[in-house]
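See structure below.
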Amino acid sequence: MTTPRFARRSLLLGATALLAGTGAARAQGSPENTVFLSTQLRPLEEAQNVREVILKGYAGKFDYVVDEPASFAVRVEAEMKSGHHTSSLLGALHGELQPLEAIGALAPLDDLAAKLTDRGIPAPLMKLGQLGTGHQVYIPWMQATYFMAANKQALPFLPSGAKLDTLTYDQLSQWAANVQAKTGKRMLGFPAGPKGLMHRFFEGFLYPAYTGGVVTTFRGPAAETAWTSFAEIWKHVNPNSTNYNFMQEPLLSGDVWIAFDHVARLLDALRQKPDDFVTFPAPSGPKGRAYMPVLAGLAIAKGAPDPQGAAALIDYLSKPDVQIITARSVGFFPVVKAELPANLDPGLKLAVSAISATQNAPDALPSLLPIGLGAKGGEFDKVFMDTFQLIVLRGQKPHDVLEKQAETMKAILAETGAPCWSPDPPSAGACAVK
Amino acid sequence: MRSRLIPYLLLLPSLLFLTALFFVPLVQTVALAFHGGDSFGLANFTRMANDLNFRDAVVNTFSIVLVVVPLQLAIALGMAMMLRHLKRGRDVVLWIWSIPLGISDLAAGLVWLAILTDQGYLNTLLFNLGLIAGPESWLTYETPTALFVAIIVAEAWRATAIVLVIIVAGVQLLPREYGEAADVFGATPWQRFTRITLPLLKPSIQTALILRTVLAFEMFALVISLGGRNFPVLVSEAYQWQYVNQDTGVAAAYAVVVMLISLAATLIYLRVLRTPREQML
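The listed protein sequences correspond, in order, to chains A and B.
So for the first sequence, this note's numbering puts the first residue at -16; every next one is plus one.
So for the second sequence, this note's numbering puts the first residue at 3; every next one is plus one.
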């Protein structure tokens, strides 16, 4: 008796799912809703937070749709070329919006920018939003970066004279060596797993800190020193690092005491055990305390079906209280002047203090995400990861590896024609390895 | 006239289905693999072969297949022979043995990861037995042998059941007369196994070997969850090129290599293990 009833129930369930599916599809295509297409806040939980927490108080109707960066670019370009627009508001990283501006897919936002002056978005951020055109192309939306977190148990082993906020790479190496000497374990960790963001460490932190650039200085004595020092640091790194994707996990389990990662990938540990951890900026090298700011912006597609709705959403999302809600629910931090409430959860406070210590460090050296590489971004990252694998994991000579990888790097930049981005000095044509 | 057409009409949907969803993508993949840059050629294959992980991926893939497939066949044969001698509860044992069949390879990978990770069950057990002083790492680039053994054990655990099911089906078809005749002539159990059972099981063994070998060459989720970046195999490299490096051409080249290897393995099995018509049961 149970089998047929069970079968009938699952049939019903299936039919309900089908109906619900078509309903959702219809809602997404509903013409009166403003379509908000974003490459950020893609994971299911974060996207749900956007719909139900961040935009809860928004009066208009909207559809929040997410897309991978590569298909986002293809989609916006296809909508522009076909003249058949569905997306109005575009949310993406600085480096993802720049190529769209280059093909003329974004509407100028000077009027909107003038209206939003009271929000107190810092002038350097607004200037980044002009993408060098002299017009406002996007309005800064939210920001994040990478920093370091350490278990308080590691603090007694800091080398004498070293301070967390002014740590150098040499001191980090010494610190990790001290921890290893005392505990017998390698307790420094990096997110070098298959889904980890290790490549960003090389592109935005190690390279600029040692060489002052990323592409132009890819090879040469300074780059060789960077890799030699990092190979030295790696001697004290937990060998499971090539499996770590999110450093919050080994930090929580105690496998790692000192770690580097993106704020969103550390936040769980800081929130669960705020009393166990300290946070601080990434170390500095000979050229400064390099760091990679991650800036997301909001732009309106040229020819958007609902530019008014899109502008209203930008206005709403840049309100100080909404920016704080954003920080609380998804861990991206305000770009506007927003007083963080005193009752902010302690984990978030740890993150905010590390981000502001990073930005306000006297030797801070901002190093942007790669710009203009499009679909070649993956291969650009691979150059750094291959170099890492060959020099650090397989112990090959930095000079030979860098000479060979520089050829691959040159080919990628020649093919894309991407001009240099900060901190490499601006270039007339494609950025070139010296 | 009409009745002669019916079998073809009934086959038509499946043929259309396979053409649309298997043959067409196959041709497209091959075309992609040979389409490097602006012209047709071997550019993608050159890039693949010059990549730092290619050699490792080939060596790792073949090592796994060469170790795990014979191991699984031996275990499955042993299990099938034991089952044959069970008088009662045979179905229950067979049912329990085939549980891993229902577990996806990703789930199996995660189960074994939970066992073998630093804070996992194995280390906890060894620590409680006083065999180790603290967490030992089994899955890092510094412990390639332990990592390899872990993958072999996990794969044997996960996929021996399918070989077992095929062998058991074959064993059930064996006529008893041959075995009884061998008893009359005083054959030892080992002689009976090697001279009678094994040759008669050849068609089942062939099927099982083809299936397992092809699937072992395509192993992916289990290796990724246990080995990550430390243990590249051909299919994980194809995935890496497609989704991380975003180069569809090189990913397609890997796919073509995997396909050619699988085809070659199948042809070898068909040739080496063929059963002459007069020996068929």
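Note that the Cβ used here is the ideal one computed from N, Cα and C, for glycine as well.
None of the values given here were measured: they were computed from a predicted structure.
Output, in chain order, the set of chain D residues within a Cβ distance shorter than 8 Å of residue i.
{"i": "TYR143 of chain B", "result": "Annotation note: the requested chain D is absent from the structure, which comprises protein chains A and B."}
Considering only C-alpha positions, which residue in the set the options is nearest to residue i?
{"i": "TYR152 of chain A", "options": "A:GLN119, A:PHE188, A:ILE122", "result": "A:PHE188"}
{"i": "MET170 of chain A", "options": "A:PRO381, A:LEU235, A:GLY400", "result": "A:LEU235"}
{"i": "ALA30 of chain A", "options": "A:THR17, A:TYR47, A:GLU15, A:ILE395", "result": "A:TYR47"}
{"i": "ALA218 of chain B", "options": "B:ILE66, B:TYR10, B:LEU200", "result": "B:ILE66"}
{"i": "THR317 of chain B", "options": "B:ASP53, B:LEU133, B:LEU175", "result": "The structure shown does not extend to residue 317 of chain B, since chain B is modelled only from 3 through 283, so no value can be given for it."}
{"i": "LEU79 of chain B", "options": "B:ALA51, B:ALA266, B:THR147, B:LEU166", "result": "B:LEU166"}
{"i": "GLN244 of chain B", "options": "B:SER41, B:ALA253, B:VAL225", "result": "B:ALA253"}
{"i": "TYR121 of chain A", "options": "A:TYR129, A:GLY112, A:LEU147, A:THR128", "result": "A:GLY112"}
{"i": "ALA137 of chain A", "options": "A:ALA242, A:GLY330, A:VAL277", "result": "A:ALA242"}
{"i": "HIS219 of chain A", "options": "A:ALA205, A:TYR274, A:GLN154", "result": "A:GLN154"}
{"i": "GLN444 of chain A", "options": "A:THR211, A:PRO26, A:PHE45, A:TYR129", "result": "No information on residue 444 of chain A is available, as it lies outside the stretch -16 to 417 that chain A covers here."}
{"i": "ASP58 of chain B", "options": "B:PRO234, B:LEU269, B:VAL274", "result": "B:PRO234"}
{"i": "ALA159 of chain A", "options": "A:PRO105, A:ILE216, A:MET230", "result": "A:ILE216"}
{"i": "VAL173 of chain B", "options": "B:ILE117, B:ILE153, B:LYS204", "result": "B:LYS204"}
{"i": "SER139 of chain B", "options": "B:PHE222, B:THR119, B:LEU128, B:GLN242", "result": "B:THR119"}
{"i": "VAL71 of chain B", "options": "B:VAL259, B:TYR241, B:GLY230, B:THR209", "result": "B:THR209"}
{"i": "LEU236 of chain B", "options": "B:LEU14, B:LEU23, B:THR63", "result": "B:THR63"}
{"i": "LEU331 of chain A", "options": "A:ALA394, A:ARG248, A:LEU396", "result": "A:ARG248"}
{"i": "PRO288 of chain A", "options": "A:TYR227, A:PRO349, A:VAL305, A:GLU62", "result": "A:GLU62"}
{"i": "LYS365 of chain A", "options": "B:ARG231, B:LEU275, B:VAL259, B:ALA35", "result": "B:ARG231"}
{"i": "ALA109 of chain B", "options": "B:TRP159, B:ARG49, B:LEU85", "result": "B:TRP159"}
{"i": "SER46 of chain B", "options": "B:VAL113, B:GLN248, B:ILE153", "result": "With the sequence shown as reference, residue 46 of chain B is identified as Asn, and Ser is not the correct amino acid for it. Comparing Cα-Cα distances from ASN46 of chain B to each of B:VAL113, B:GLN248, B:ILE153, the minimum goes to B:GLN248."}
Under DSSP, the alpha helix (DSSP H) around residue i begins and ends at which residues?
{"i": "ASP364 of chain A", "result": "360 to 371"}
{"i": "LEU108 of chain B", "result": "107 to 118"}
{"i": "HIS382 of chain A", "result": "381 to 399"}
{"i": "ARG273 of chain B", "result": "250 to 274"}
{"i": "ARG183 of chain A", "result": "181 to 184"}
{"i": "TRP97 of chain B", "result": "92 to 99"}
{"i": "SER227 of chain B", "result": "223 to 229"}
{"i": "VAL319 of chain A", "result": "Counting along the chain, VAL319 of chain A falls outside any alpha helix (DSSP H), and DSSP gives it neither H nor E."}
{"i": "MET109 of chain A", "result": "106 to 111"}
{"i": "PRO329 of chain A", "result": "329 to 342"}
{"i": "VAL237 of chain B", "result": "236 to 241"}
{"i": "LYS297 of chain A", "result": "Going by the sequence as given, residue 297 of chain A is Ile instead of Lys. Segment 290 to 300, the alpha helix (DSSP H) holding ILE297 of chain A."}
{"i": "ARG254 of chain A", "result": "250 to 255"}
{"i": "THR31 of chain B", "result": "26 to 36"}
Taking DSSP's pairing of strands, which residues face residue i in a bridge?
{"i": "THR262 of chain A", "result": "A:ALA132"}
{"i": "LEU352 of chain A", "result": "The partner list for LEU352 of chain A (beta bridge, DSSP) is empty, contrary to what the question assumes."}
{"i": "ASP244 of chain A", "result": "A:PHE130"}
{"i": "VAL239 of chain A", "result": "Beta-bridge pairing links VAL239 of chain A to no other residue."}
{"i": "ARG272 of chain A", "result": "A:ALA347"}
{"i": "THR151 of chain A", "result": "A:SER267"}
{"i": "LEU171 of chain A", "result": "A:VAL220, A:ILE241"}
{"i": "GLY117 of chain A", "result": "Paired residues: none, contrary to the question."}
If you follow the beta strand (DSSP E) that residue i is part of, which residue opens it and which one closes it?
{"i": "GLN126 of chain A", "result": "122 to 127"}
{"i": "ALA279 of chain A", "result": "277 to 283"}
{"i": "ALA310 of chain A", "result": "Not the beta strand (DSSP E): ALA310 of chain A falls in the alpha helix (DSSP H), residues 303 to 313."}
With burial defined as no fewer than 16 other Cβ atoms inside 10 Å of the residue's Cβ, what is the status of residue i: buried or exposed?
{"i": "TYR123 of chain B", "result": "exposed"}
{"i": "ILE8 of chain B", "result": "exposed"}
{"i": "PHE367 of chain A", "result": "buried"}
{"i": "THR21 of chain B", "result": "exposed"}
{"i": "ASN130 of chain B", "result": "exposed"}
{"i": "GLY196 of chain A", "result": "buried"}
{"i": "GLU157 of chain B", "result": "buried"}
{"i": "GLU144 of chain B", "result": "exposed"}
{"i": "GLY172 of chain A", "result": "buried"}
{"i": "TYR271 of chain B", "result": "buried"}
{"i": "LEU61 of chain B", "result": "As written in the sequence, residue 61 of chain B is Val, which differs from the Leu given in the question. Looking at its Cβ environment, which holds fewer than 16 other Cβ atoms inside 10 Å, VAL61 of chain B is exposed."}
{"i": "HIS67 of chain A", "result": "exposed"}
{"i": "ASP328 of chain A", "result": "exposed"}
{"i": "HIS87 of chain B", "result": "exposed"}
{"i": "PRO204 of chain A", "result": "exposed"}
{"i": "ARG178 of chain B", "result": "exposed"}
{"i": "GLY167 of chain A", "result": "exposed"}
{"i": "LEU28 of chain B", "result": "exposed"}
{"i": "ARG9 of chain A", "result": "With a pLDDT of only 37 at ARG9 of chain A, under 50, the local geometry of the prediction cannot be trusted, and no value is derived from it."}
As an exercise, report each continuous beta strand (DSSP E) stretch of at least 3 residues that is fully enclosed by the stretch -2 to 85 of chain A, in chain order.
17 to 21, 45 to 49, 72 to 76
Ignoring anything shorter than 3 residues, give me the beta strand (DSSP E) runs that lie fully in the stretch 151 to 206 of chain B, in order along the chain.
The qualifying runs do not exist here; there are none.
Ordered list of alpha helix (DSSP H) runs contained in the stretch 51 to 87 of chain B, each at least 4 residues
56 to 86
In chain order, each alpha helix (DSSP H) run of at least 4 residues that lies wholly inside the stretch 190 to 216 of chain A:
190 to 194
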